[in-house]
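This report refers to the structure that appears directly beneath it.
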Amino acid sequence: MRGKLIFVAGMATGYVLGSRAGRERYNQIKRNWLKVWNTDVVQDKVEVVQGFAKARLSEVPGAVFAGVKKVSTAVGGEGTPGQKLDRTIAKTKDAVDDVADRVLPHDDAPSSSTGTPSK
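Per my numbering, the very first residue in the sequence shown carries number -16; after that it's consecutive.
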């Protein structure tokens, strides 16, 4: 419910601000955005991301299937509910790591704990 209220408030704010600024301001913002989008620097990065996505996309279904298999095996095993939960959490973490190992390149590992790629 809270999310819906925030969404409606955001829509109302956008409507009011858009109405006050008018169509000309909207067109100005759009023109400036397109100027930035069409710069060589931005387009170079777009091509890098597209290439990465295309190269890694075929690996995702197999990795996800293997992960689901691990987790479902952990859930269906023997033991108390607490043991099953602990086992499922551990297997889920392993599955996520396996998917990341298959999909993410090892030479482009993050350079810091913030998760930003190395330059």
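Don't be surprised by glycine CBs; every beta carbon is placed ideally from N, CA and C.
Classification of residue i by the beta-carbon crowding that lies within 10 angstroms, buried from 16 upward
i	result
G34	exposed
V54	buried
A57	buried
V(-9)	exposed
Alpha-carbon to alpha-carbon, residue j and residue i
i	j	result
A(-5)	R3	12 angstroms
V51	A78	8 angstroms
G24	L40	For the record, residue 24 in the displayed sequence is Val; it is not Gly. Approximately 24 angstroms between the Cα atoms of the pair.
L0	Q26	30 angstroms
T75	L68	10 angstroms
A73	A83	15 angstroms
G(-14)	Y(-2)	18 angstroms
G59	K37	35 angstroms
A49	R70	16 angstroms
L17	N10	10 angstroms
W20	R14	10 angstroms
R6	G(-7)	19 angstroms
| request: Assess, as a yes-or-no matter, whether the region 27 to 41 is touched by the region 62 to 76 under the definition of 3 or more beta carbon pairs within less than 8 angstroms. | output: no
| message | If we require 3 or more residues per run, which beta strand (DSSP E) segments fall completely within the region 45 to 96? | response | none
| request: Return the chain-ordered ranges of every beta strand (DSSP E) run that is complete within the region -10 to 42 and spans a minimum of 3 residues. | output: none
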